[in-house]
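Following: one structure in structure tokens, then a few remarks.
Residue numbers (our numbering): 232 to 406.
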């Protein structure tokens with residue numbers, strides 16, 4: 232648990248009571264489970280009250296600097312955070328700040344390379360399209376090359392299956 236620098240009103244009143252009883256600051260600190268320096272600071276100036284400055288907190292890294300870093304990440308993605316910030320021309324920041332900024336930017340990943348569509352493959356696609364122009368695709372079950380179970384079997388089929396009414400349903404099972 233981090234050190235608490237600010238005392239609550241009940242703690243302040245308890246400190247005053249214990250001092251009036253003649254107890255020392257170390258005893259009071261043990262009783263309150265606080266650091267004795269916090270109690271000494273309060274006793275040095277009891278009128279001092281913490282007040283935060285108005286307005287928003289200042290960002291450590293501006294939006295422009297973030298864009299520069301993002302550009303550098305896309306340019307050389309395998310560089311360290313320090314190298315990226317130096318290449319972007321940004322001031323010295325701590326390692327934790329650099330890593331926090333980089334985690335909000337995200338990764339720059341190169342897309343998987345796909346082979347270009349060759350002349351032979353283009354002709355095969357056209358031929359397949361011409362052969363299947365009359366097919367009613369609303370009655371075709373398409374799978375994404377993963378398992379598709381139609382009749383409850385554990386091993387599925389990996390193909391486009393036409394859905395047709397079963398012609399042998401009234402005959403029963405043969406065999």
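The beta-carbon is built from N, C-alpha and C at its ideal position, and this holds for glycine as well.
So does the region 290-305 actually touch the region 317-332, counting three or more Cβ pairs closer than 8 Å?
With the cut-off at 8 Å, the region 290-305 and the region 317-332 touch.
DSSP three-state label for residue 238, please.
For the purposes of this step, residue 238 is identified with residue 7 of the chain shown, where counting begins at 1. DSSP, read as helix, strand or coil, puts residue 238 in coil.
Answer yes if the region 302-316 comes into contact with the region 328-337, meaning at least three C-beta pairs across the two stretches below 8 Å, and no otherwise.
Pairwise C-beta distances place the region 328-337 in contact with the region 302-316, as three or more of them are shorter than 8 Å.
Applying the 10 Å Cβ sphere with the 16-neighbour rule, what's the burial state of residue 257?
Position 26 of the chain shown, counting from 1, holds the residue named residue 257. That one is exposed.
Tell me whether residue 371 sits in a helix, a strand or coil according to DSSP, three-state version.
Looking up residue 371 in the chain shown gives position 140. DSSP places residue 371 in strand when its eight states are reduced to three.
Please list the terminal residues of the continuous alpha helix (DSSP H) segment that includes residue 350.
Position 119 of the chain shown, counted from the start, is the residue given in the question as residue 350. Counting along the chain, the unbroken alpha helix (DSSP H) around residue 350 starts and ends at 350-362.
Counting Cβ pairs closer than 8 Å, one from the region 265-280 and one from the region 243-256, do we hit at least three?
The region 265-280 vs the region 243-256: in contact.
Where residue 294 sits in the DSSP three-state scheme
As a working note, residue 294 is residue 63 in the chain shown. DSSP places residue 294 in the helix class (H, G or I) of the three-state scheme.
Considering only residues of the same chain and omitting the five flanking positions on each side of residue 242, which have a CB-CB separation below 8 Å?
Translated into positions along the chain shown, residue 242 becomes position 11. Excluding positions up to five away in sequence, the list reads 263 and 265.
Quick check: what's the CA-CA separation for residue 286 versus residue 292?
Taking the first residue of the chain shown as position 1, residue 286 is located at position 55. Taking the first residue of the chain shown as position 1, residue 292 is located at position 61. Each residue's Cα considered, the two are about 17 Å apart.
Whole-Å CB distance - residue 329 paired with residue 312, under 8 Å assumed:
In the chain shown, the residue the question calls residue 329 occupies position 98. In the chain shown, the residue the question calls residue 312 occupies position 81. Yes, they are in contact, since the Cβ atoms of residue 329 and residue 312 sit about 4 Å apart, within 8 Å.
Three-state secondary structure assigned by DSSP to residue 324
As a working note, residue 324 is residue 93 in the chain shown. Looking at residue 324 - three-state DSSP - the assignment turns out to be coil, as it is neither helix nor strand.
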